[in-house]
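Worksheet for the structure shown next.
2 protein chains.
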Amino acid sequence: MKLVVAGIDLGGTNVKTAIVGRNGALIAKDSRPTEAEDGLETVLDNMSASLEAAMEEAKADPSDLVAIGIGAPGPMNWRTGVVYSPPNLPGWDNVPLADLMRERHGAPTYVDNDANVACWGEFWSGAGREVDSMVCLTLGTGVGGGIVVHGRLLRGPDGTAGEIGHLCVARDGRQCNCGSKGCLEQYASVTGMVRTALEGIEHGQRTILTDMCGGDVERIDGKMISDAHARGDEFAGWVIKETGIWLGTAVGSLINLLNPEMVVFCGGMIAAGETLFAPIRETAKVQSFEVPYKRTVIVPAGLGADSGVIGAAGCALQRYEEETKGRG
Amino acid sequence: MKLVVAGIDLGGTNVKTAIVGRNGALIAKDSRPTEAEDGLETVLDNMSASLEAAMEEAKADPSDLVAIGIGAPGPMNWRTGVVYSPPNLPGWDNVPLADLMRERHGAPTYVDNDANVACWGEFWSGAGREVDSMVCLTLGTGVGGGIVVHGRLLRGPDGTAGEIGHLCVARDGRQCNCGSKGCLEQYASVTGMVRTALEGIEHGQRTILTDMCGGDVERIDGKMISDAHARGDEFAGWVIKETGIWLGTAVGSLINLLNPEMVVFCGGMIAAGETLFAPIRETAKVQSFEVPYKRTVIVPAGLGADSGVIGAAGCALQRYEEETKGRG
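Line order of the protein sequences matches chains F and Z. Letter by letter, the first sequence follows residues 2 to 329 in my numbering. Letter by letter, the second sequence follows residues 2 to 329 in my numbering.
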């Protein structure tokens, strides 16, 4: 019997599933729309259909399934698997997601924060396979974070640890949705990068972005900034570099605080490559002590877009093994 | 036989020793000048004399001494007990401090960063006795830091973790001695607080500090700011509050990052009481998520000025027990 673990990445737009071996090797994948606007039952149906399709592609029998892990947007109670009311899953209110999926598929089911599962995916089976401590930043609409120390995910007593996106990098800085000001994600997420571009354009910076968006600056997104940079637009390059400087400032602080072996970046923005990574490294180098800086390997995700699905499976496997260890 | 552990806090001005029981209870203390300017041998002699005086006061025989722990200013190699060249111990260059003291007193000897031992002291025997995770900030000439997670001191692979004083709180902010800019300790140490006062006076703020220092603003120190505040000086109160806001900004970030159960403050500055702690709490509350903020107890050191000496003993005991555990 070939035992497998399922990881599900529940996003506001897509549900993705991976079937992986107990060693972290990817066996099969599925992806389909979440249809979040159709409410809870539809989302659960889509998750189940995605899981079943991936299991079929993996040629795995339901009895081979050791555990199901779900990476979900917070806030949540990771111990009970109850998801409160994520902004991008309308109508969800204290949903016992772990229980609902366990009932549907008969396997032990665990829910974790989506940034934590991405971090664990990279630690378990990606860029961080060989290290004992790492920090992971997921750059998207916000900046998600995960921290591994002593070989374990740092969750904290409330499961809220790792909120790197809400490190304050500028006192009295940009207003954040979380209620505070100057949070990293207001500068270093895709949204933050777009805001930096809009502020520059407002201040009269010349850029092909104004043509590319057809005069409607509200249409400027991360992809457009990346394309403008690829077409040689200096301002777009500056915007990406500025985003990297903010990230590097935070990475420098994290190196001083945690002395991690590795910092891994996930999310579509990492496609910007050295345009983004060079200022991250240069700034982090100035902003941290020499000995721990030299230790820290700063890299893009080793699993590409699959850190989350593979990590959801890995978190579930680890939690299942810890739970059953005590039972002999 | 009453087994005891010795903790030595090696500062640039004073050497302090505590003899504690294996349960962390303080039995006897000694304090005397370091005489750092007289070089290594004199400092070692003073450390030995302090240790012997405290042992005598504790009525403990040298054969009762389980281990010696030393909290020393960094940088250092905590594993080997070699101290590199601390700025306030002139002439020290790669001193094998653990070996030298082990030779003198015949007990297993361990050296740790002074901020880490203060943190461990509070965790083992002070304010953090009942928690599993905490952050400790020592406010002095600089801002020292220590982090306990998963019930263990977070050291990192190079032993440099916990440098909370070098969290960047202001990009392109005040120049720090470490080479980077905007580090917390440039705003929130005693030195940083004095700098805030001097900047205000330069900008024409009216304060009795200008009279108290006899017109020589270079004479303004933390004590003078505290005295001016006690005498009702509004500007001095503002300076302390401003220092608390910077600390609160960092504490908010630490709560979001680590979800600790407790944040403990050590150092003479905590005598400012609510004038300092109220802005720390208010700012941290705004700057962090509600659930982990509510969890976090923010308090002054439970061991007063003894966190370091007691913690040095505690670190040594723990390291000795870990080392000997494997040997059966």
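Where is the CB? At the ideal position from N, CA and C, for every residue including glycine. If you're wondering where the values come from, they're calculated on a predicted model, not measured in any experiment.
Can you list, in chain order, the residues of its chain with a C-beta nearer than 6 Å to that of residue i? Leave out the 5 residues immediately preceding and following it.
{"i": "F:Thr250", "result": "Val170, Thr284 and Gln288"}
{"i": "F:Asn114", "result": "Gly75"}
{"i": "F:Cys316", "result": "Gly70, Asp113, Val118 and Trp121"}
{"i": "F:Gly147", "result": "Ala116, Asn117, Cys120, Cys137 and Gly163"}
{"i": "F:Asn260", "result": "Pro293"}
{"i": "F:Arg320", "result": "Tyr111"}
{"i": "Z:Leu248", "result": "Ala189 and Ile281"}
{"i": "F:Ser49", "result": "Arg105"}
{"i": "F:Thr192", "result": "Thr142"}
Using 10 angstroms around the beta-carbon of residue i, count the other beta-carbons present and answer buried if the total reaches 16, otherwise exposed.
{"i": "F:Ala279", "result": "exposed"}
{"i": "F:His230", "result": "buried"}
{"i": "F:Asp46", "result": "exposed"}
{"i": "Z:Arg282", "result": "buried"}
{"i": "Z:Pro301", "result": "buried"}
{"i": "F:Ala26", "result": "exposed"}
{"i": "Z:Ser190", "result": "buried"}
{"i": "Z:Asp10", "result": "buried"}
{"i": "Z:Glu123", "result": "buried"}
{"i": "F:Thr330", "result": "The displayed coordinates of chain F run from 2 to 329. Any statement about residue 330 of chain F would go beyond what the structure contains."}
{"i": "F:Gly274", "result": "exposed"}
{"i": "F:Gly72", "result": "buried"}
{"i": "F:Gln176", "result": "exposed"}
{"i": "Z:Glu186", "result": "buried"}
{"i": "F:Gly205", "result": "exposed"}
{"i": "Z:Arg207", "result": "exposed"}
{"i": "Z:Gly40", "result": "exposed"}
{"i": "F:Arg232", "result": "exposed"}
Cutting at 7 Å between CB atoms, please list the residues of its own chain near residue i, excluding the five before and the five after it.
{"i": "F:Ile246", "result": "Pro280 and Thr284"}
{"i": "F:Trp125", "result": "Gly25, Gly312 and Gly315"}
{"i": "F:Thr43", "result": "Glu36"}
{"i": "Z:Ser86", "result": "Trp93 and Asp94"}
{"i": "F:Ile256", "result": "Ala285, Ser289, Pro293, Tyr294 and Thr297"}
{"i": "Z:Ala128", "result": "Met263, Val265, Val300, Ala302 and Gly303"}
{"i": "F:Lys3", "result": "Ala61 and Asp65"}
{"i": "Z:Gly238", "result": "His230 and Thr276"}
{"i": "F:Asn1", "result": "Examination of residue 1 of chain F is not possible in this model, given that chain F is present from 2 through 329 alone."}
{"i": "F:Asp100", "result": "Gly82"}
{"i": "Z:Val84", "result": "Ala73, Met77, Trp93, Val96, Leu98 and Val112"}
{"i": "Z:Cys179", "result": "His167"}
With a cut-off of 8 Å on the beta carbons, I'd call residue i and residue j a contact; round off their distance for me.
{"i": "F:Asp234", "j": "F:Ile209", "result": "5 Å"}
{"i": "Z:Ile35", "j": "Z:Gly8", "result": "One detail in the question is off: residue 35 of chain Z reads as Thr in this sequence, not Ile. Contact flag wrong, Cβ pair sits at about 16 Å."}
{"i": "Z:Gly268", "j": "Z:Gly141", "result": "5 Å"}
{"i": "Z:Val298", "j": "Z:Met263", "result": "5 Å"}
{"i": "Z:Pro158", "j": "F:Arg296", "result": "6 Å"}
{"i": "F:Val144", "j": "F:Met135", "result": "With a Cβ gap of about 16 Å, F:Val144 and F:Met135 do not count as contacting."}
{"i": "F:Glu58", "j": "F:Ala29", "result": "4 Å"}
{"i": "Z:Leu98", "j": "Z:Gly82", "result": "6 Å"}
{"i": "F:Arg33", "j": "F:Val5", "result": "F:Arg33 to F:Val5, Cβ: 20 Å. No contact."}
{"i": "F:His167", "j": "Z:His151", "result": "Not quite, the Cβ-Cβ distance comes to about 22 Å (not below 8 Å), so this is no contact."}
Who are the near neighbours of residue i in its chain, counting only those whose CB is closer than 8 Å to its CB and skipping five residues on each side?
{"i": "Z:Val195", "result": "Ile221, Asp222, Gly223 and Ile226"}
{"i": "F:Gly160", "result": "Met77, Asn78, Trp79, Arg80 and Asn114"}
{"i": "Z:Leu199", "result": "Val218 and Ile221"}
{"i": "Z:Ala55", "result": "Ala7, Thr18, Ala19, Ile20, Ala29, Lys30 and Asp31"}
{"i": "F:Arg23", "result": "Leu4, Val5, Val6, Val67 and Leu318"}
Interface residues of the segment 159-176 of chain F facing chain Z [CB-CB below 8 Å]: Sequence-ordered contacts of the segment 159-176 of chain F with chain Z read Asp159, Gly160, Thr161, Ala162, Gly163, Glu164, Ile165, His167, Leu168, Cys169, Val170, Ala171 and Arg172 [C-beta pairs closer than 8 Å].
If the cut-off is 9 Å on Cβ atoms, which residues from the segment 44-60 of chain Z count as contacting chain F, listed in chain order? none
Which runs of the beta strand (DSSP E) fall wholly inside the segment 124-194 of chain F and span at least 3 residues, in chain order? List check, beta strand (DSSP E) in window: 135-140 and 144-150.
Looking at chain Z, which residues of the segment 75-107 of chain F have a Cβ within less than 7 Å of any of its Cβ atoms? none
If we require 3 or more residues per run, which beta strand (DSSP E) segments fall completely within the segment 232-283 of chain Z? Assignment of beta strand (DSSP E) within the segment 232-283 of chain Z, counting only whole runs of 3 or more residues, yields 263-267 in chain order.
Please list, in chain order, the residues of the segment 220-244 of chain Z that have any C-beta partner in chain F closer than 8 Å. Under the 8 Å Cβ criterion, the segment 220-244 of chain Z contributes no residue.
May I ask you to list, following chain order, the residues of the segment 278-304 of chain Z that have a beta carbon less than 8 Å from some beta carbon of chain F? Val287, Gln288, Ser289, Phe290, Val292, Pro293 and Arg296
Start-end ranges of the alpha helix (DSSP H) lying completely within the segment 86-127 of chain Z, minimum 4 residues: 98-106 and 115-126
Whole alpha helix (DSSP H) runs in the segment 35-87 of chain Z with 4 or more residues, listed along the chain? Complete alpha helix (DSSP H) runs here, min 4: 41-58.
Can you list, in chain order, the residues of the segment 247-269 of chain F whose Cβ is nearer than 9 Å to any Cβ on chain Z? Trp247, Thr250, Ala251, Gly253, Ser254, Leu255, Ile256, Asn257, Leu258, Leu259, Asn260, Pro261 and Glu262
Select from the segment 129-151 of chain F all residues with a C-beta closer than 8 Å to any C-beta belonging to chain Z, and list them in chain order. Asp133, Ser134, Gly146, Ile148, Val150 and His151
Using a Cβ-Cβ cut-off of less than 9 Å, give me the residues of the segment 12-33 of chain F that come near chain A, in sequence order. No chain A appears in this structure, whose protein chains are F and Z.
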